[in-house]
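Chemist:
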Amino acid sequence: MPDRHYRICPLCEACCGLEVKTEGTKVIAIRGAEQDVFSHGYLCPKGVSLKDLHEDPDRLRTPLIKRDGVFVEATWDEAFAEIERRLLPLRAQHGADAVALTIGNPAAHKVSLLAYTPRLVKSLASRNVMSASTLDQMPKQLSSALMFGHWLSIPLPDIERCDYLLILGGNPMVSNGSLWTVPDYRGKAKAMRARGGRIVVVDPRRSETAAAADEHLPIRPGGDALLLAGIAHTLFDEGLVNLGRLAEHVNGLDEARAAVAPFAPQVTAAGCGIPAETQRRLARELAAAPRAAVYARIGTCTTRFGTVNSWLVDLINVLTGHLDREGGAMFAKAAAFAPNTQGRPGIGKGVTTGRRRSRVSGAPEVYGELPITVLAEEIETPGDGQVKALITIASNPVLSAPGGPRLAKALEGLDFMLSLDIYVNETTRHADVILPGLSPLEDLHFDVAFPQLSHRNHARFSGPVFDAAPGTPQEWQTILRLCALLEGRGLGVDVAQLDDEAIASDVRRFAGDQTPAILAALDPWRGPERLIDLQLRVGPYGDQFGRKPDGLNLAKVKAASTVDGGGVDLGALTPRIPEVLRTPSGKIELAPPAILADLAHVKAEPAPEFSLIGRRDTRSSNSWMHNLPVLAKGPERCTLLIHPADADRLGLAEFARVRSAVGELVARVERSADMSPGVVSLPHGWGHDLPGVQLAVARERPGVNLNALLDMADRDPLSGNAVLGGVAVVITAP
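Position 530, counted from 1, in the sequence shown is what the working numbering calls 637; the numbers after and before it change by one each time, with no gaps.
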């Protein structure tokens with residue numbers, strides 16, 4: 108009789124509940140957990156691929172050390188001895204800034220990494236910390252922080268009660284939400300339309316989401332700020348502004364009105380490709396809808412004006428009276444780890460950016476990070492503070508960041524590189540030591556970030572399906588051991604003691620003289636479970652260590668998180684303003700000065716012959732997914748989508764040469780009438796044919812690296828986010 112296990116999928120933002128059936132140490136089936144309180148049995152191919160990932164022969168299970176240019180297996184003690192021997196002298200000689208740290212997208216899906224990496228950042232004490240956030244989402248985080256006071260106070264469409272949804276640059280039919288955790292978007296959108304709701308999608312490509320919408324408006328790549336400003340202008344110009352109950356909670360209405368005054372639709376139409384009357388119609392429809400929301404994602408963030416775009420989205424949500432209203436754009440209230448549920452409600456310190464700048468190009472720090480696109484120049488450029496060593500955590504910037512070939516060459520020049528990763532990929536092949544993590548099926552799971560972005564409030568936990576191999580540490584233990592090494596405590600540390608010290612420090616910050624009692628109450632747990640229990644108990648639904656006996660703690664969430672239970676449903680989103688605000692004024696800041704200053708630079712530019720955009724596929728959210736057979740099968744996905752008329756005009760057959768200002772490549776052609784004329788599309792995360800890569804399945808169809816065409820110096824100046832879309836290219840026959 109097979110064993111049944113409840114599991115939360117860690118492979119994308121949808122965070123679906125799974126039922127995993129096993130016999131002994133083998134997975135025999137994976138399906139959606141029907142009783143899951145959040146995903147209700149929804150399943151995409153990524154969930155099924157957990158079996159392939161767990162069994163992948165290329166997945167690392169033991170540390171590797173590079174000897175004479177070749178990786179050899181090592182014990183954990185040998186690997187840490189090598190780190191001590193090579194990294195610590197470099198740091199002592201050149202300073203903390205000589206060691207950079209990059210953090211990849213998978214870290215957001217593992218509590219061991221997301222909750223413990225900040226400790227590593229503190230122990231490292233380097234200014235050169237970078238993450239994948241500056242490749243796709245930092246503009247939204249920055250605009251939200253400036254408007255509402257915290258980086259994760261991001262308004263989310265309340266899709267189950269919405270009447271009108273305007274989507275720009277997002278494809279939730281494929282992603283099931285991005286900075287919007289909404290499993291089974293397809294089903295929810297279908298239900299919305301069935302009850303009379305309307306969905307309008309703005310995208311240069313007729314994406315899967317656009318194809319299932321009521322209306323698709325093809326926009327000129329990079330024209331989002333012009334369109335959104337034209338809509339905001341219309342709301343003011345036609346007297347459609349209706350703040351409702353938010354009127355007493357906003358600052359800067361007059362300044363926002365003046366800022367968008369130059370952007371009349373008749374002025375912006377040529378630059379965005381959306382007729383003036385259509386812009387005005389969108390504004391009127393949003394204003395008239397009883398419950399509406401504007402949602403925009405990667406396509407609007409990965410442009411020169413990513414932060415401006417993100418701000419305009421929520422400005423429009425405020426102006427139409429749909430922010431913080433049922434059926435509009437609302438704020439989640441996460442059960443744990445959410446700073447906007449902690450401290451004094453309704454007011455706070457807000458955020459500060461630019462506390463430091465990168466050494467070479469002067470890019471500003473945002474949310475404690477520098478743009479990941481400065482890494483190559485920081486390695487290449489001699490002088491004080493030059494990066495000599497690198498630590499990567501679940502990060503593959505050679506494929507995910509602009510200028511991949513240049514970065515790969517720069518990595519060859521490092522004096523030492525350490526990677527925490529489960530594969531020898533395009534980036535980690537340069538490492539001197541690789542420390543592997545566990546299979547997701549060997550690890551516990553609790554979502555830290557995504558309940559702060561979920562369309563419905565919930566709390567869920569899943570334990571490991573299988574035991575890890577004897578002697579294999581969990582990733583939080585590896586990180587604590589690295590912290591101790593960087594702090595000069597040597598190799599012979601007691602990780603359990605380090606864990607006790609870490610939790611005591613966390614508790615002491617808010618508990619004061621009550622620390623011993625709280626630590627005693629947490630005593631049954633260790634590691635991430637102890638952190639989770641603490642955060643649940645002090646959270647908005649928590650038991651407050653006995654003061655609210657009916658409240659949550661980890662034991663209760665665990666008991667509810669089974670195949671037959673599926674977690675704790677905490678209800679639909681509810682209005683949170685002013686409580687959610689953490690701005691110094693206690694108001695929504697409608698006119699952040701830095702954003703208004705950048706808005707003044709928005710103007711129509713001459714259209715290139717071709718603009719390049721990216722795209723996403725359900726089966727390849729991250730580059731390592733290309734090595735999993737269940738996701739890699741099917742048609743080739745790394746293709747250049749181009750409108751048939753453009754392909755005919757250029758005489759393209761099987762392949763095309765794509766050339767930008769900084770690079771070129773030859774890609775396989777796929778004709779598609781879904782593309783706007785003059786726009787071509789390539790997906791991110793491909794190019795698996797580099798020497799030394801140990802990804803056997805991915806190498807069979809390596810694809811091409813889009814980032815070879817992207818300029819690492821091209822960034823949104825406010826957030827530092829890379830410009831990945833709307834890039835001018837020349838297309839010719841090869």
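We put the beta carbon where it would ideally sit given N, CA and C, even for glycine.
Ends of the alpha helix (DSSP H) at V420?
Modeler: It spans G413 to L426 - the alpha helix (DSSP H) in which V420 sits, taken as one unbroken run.
Chemist: For S730, which residues in the same chain have their Cβ closer than 6 Å to its Cβ, ignoring the five residues on either side in sequence?
Modeler: So the qualifying residues of the chain are N503, L506 and G792.
Chemist: Can you tell which of T409, A252 and R387 has its C-alpha closest to the C-alpha of L697?
Modeler: The option with the nearest alpha carbon to L697 is A252.
Chemist: With burial defined as no fewer than 16 other Cβ atoms inside 10 Å of the residue's Cβ, what is the status of P713: buried or exposed?
Modeler: Per the 10 Å Cβ criterion, exposed.
Chemist: Give the straight-line distance between the Cα atoms of M782 and A515, rounded to the nearest whole angstrom.
Modeler: Each residue's alpha carbon lies about 32 Å from the other.
Chemist: Hey, is the segment 687-704 in contact with the segment 350-357, meaning 3+ C-beta pairs nearer than 8 Å?
Modeler: Judged by Cβ distances under 8 Å, the segment 687-704 makes contact with the segment 350-357, as three or more pairs qualify.
Chemist: Considering only their Cβ atoms, is the gap separating A390 from L347 smaller than 8 Å?
Modeler: Yes. Within cutoff.
Chemist: Any idea what DSSP makes of M108, helix, strand or coil?
Modeler: M108 falls in the coil class under three-state DSSP.
Chemist: Return yes when the C-beta of N828 is under 7 Å from any heavy atom of the ligand NAP, and no when it is not.
Modeler: Ligands in the displayed structure: none, and consequently the ligand NAP is not present.
Chemist: Please report the straight-line C-alpha distance between L125 and G721, rounded to a whole angstrom.
Modeler: Distance between the alpha carbons of L125 and G721: 30 Å.
Chemist: Using the DSSP secondary-structure output, state which residues sit across from R174 in a beta bridge.
Modeler: For R174, which the question treats as bridged, DSSP gives the partners V177.
Chemist: Starting from the Cα of G277, find the closest Cα among K247, T316 and G304 and give me that residue.
Modeler: The residue with the shortest Cα to Cα distance from G277 is T316.
Chemist: Identify, in the order they occur along the chain, each residue of the same chain with its Cβ nearer than 7 Å to the Cβ of R589, setting aside the five sequence neighbours on each side.
Modeler: It should be pointed out that residue 589 corresponds to Leu in this sequence rather than to Arg. L227, listed in sequence order.
Chemist: Which of the three DSSP states, helix, strand or coil, is assigned to L643?
Modeler: The answer is helix: DSSP assigns L643 an H, G or I state.
Chemist: Taking contact to mean 3 or more Cβ pairs, one atom from each stretch, closer than 8 Å, check whether the segment 828-839 and the segment 514-533 are in contact.
Modeler: Not touching, per the Cβ criterion.
Chemist: If R778 and P742 are in contact, beta carbons under 8 Å, what's the gap, nearest whole angstrom?
Modeler: That belief does not hold up - the Cβ atoms of R778 and P742 are roughly 14 Å apart, past 8 Å.
Chemist: Can you find the residues in the same chain that come closer than 6 Å, C-beta to C-beta, to A371, ignoring five residues on each side of it along the sequence?
Modeler: Hits under 6 Å: H340.
Chemist: In angstroms, rounded to a whole number, what distance separates the CA positions of S282 and K710?
Modeler: Cα to Cα, S282 sits roughly 31 Å from K710.
Chemist: Going by C-alpha distance, which of D818, A383, A441 and H112 is nearest L324?
Modeler: Nearest C-alpha to L324: A383.
Chemist: Looking only at its chain, what residues have a beta carbon closer than 6 Å to the beta carbon of G148, apart from the 5 residues adjacent to it on each side?
Modeler: Once the five neighbours on either side are set aside, the close Cβ partners of G148 are G139 and E141.
Chemist: According to DSSP, is F343 helix, strand or coil?
Modeler: Three-state DSSP puts F343 in a helix.
Chemist: Using alpha carbons as the reference points, say which of S314, A319, W287 and R198 lies closest to G294.
Modeler: Comparing Cα-Cα distances from G294 to each of S314, A319, W287 and R198, the minimum goes to A319.
Chemist: The beta strand (DSSP E) with H323 in it runs from where to where?
Modeler: Start and end: E322 to L324.
Chemist: Note the first and the last residue of the continuous beta strand (DSSP E) segment covering R778.
Modeler: Where R778 is concerned, the enclosing beta strand (DSSP E) stretches over E771 to R778.
Chemist: Would you tell me roughly how many angstroms separate the C-alpha atoms of G490 and V307, rounded to the nearest one?
Modeler: Going from the Cα of G490 to the Cα of V307 covers about 52 Å.
Chemist: Helix, strand or coil: which one does DSSP assign to D331?
Modeler: In this structure, D331 counts as helix in the three-state DSSP scheme.
Chemist: With DSSP as the reference, identify every bridge partner of Y402, one or two as the case may be.
Modeler: Partner(s): I274.
Chemist: So the candidates are D204, H201 and P170; which of them puts its Cα closest to the Cα of E189?
Modeler: Ranking D204, H201 and P170 by Cα distance to E189 puts P170 first.
Chemist: Which residue from S156, H257 and A232 puts its Cα closest to that of K845?
Modeler: Residue 845 lies beyond the stretch modelled for the chain, which goes from 108 to 841, so this question has no answer here.
Chemist: Give a yes or no on contact between the segment 166-184 and the segment 467-476, applying the rule of three or more CB pairs nearer than 8 Å.
Modeler: Verdict: no, contact absent.
Chemist: Going residue by residue through the segment 138-170, where are the continuous alpha helix (DSSP H) segments of at least 4 residues, counting only ones entirely within it?
Modeler: Counting only runs of 4 or more, we get 152-155 and 157-162.
Chemist: In the DSSP output, which residue or residues are listed as bridge partners for A856?
Modeler: Here the chain has residues from 108 to 841 only, and residue 856 is not among them.
Chemist: Does A496 come out as helix, strand or coil in the three-state DSSP assignment?
Modeler: Of the three classes helix, strand and coil, the one that applies to A496 here is strand, per DSSP.
Chemist: Would you decide whether H733 is buried or exposed? Buried here means 16 or more other CB atoms lie within 10 Å of its CB.
Modeler: The residue is buried, with at least 16 neighbouring Cβ atoms inside 10 Å.
Chemist: Can at least three beta-carbon pairs, one atom from the segment 255-275 and one from the segment 424-439, be found at a separation below 8 Å?
Modeler: Yes, they touch.
Chemist: Between V664 and D165, what straight-line distance do the alpha-carbon atoms span, to the nearest angstrom?
Modeler: Taking the straight line from one Cα to the other gives about 35 Å.
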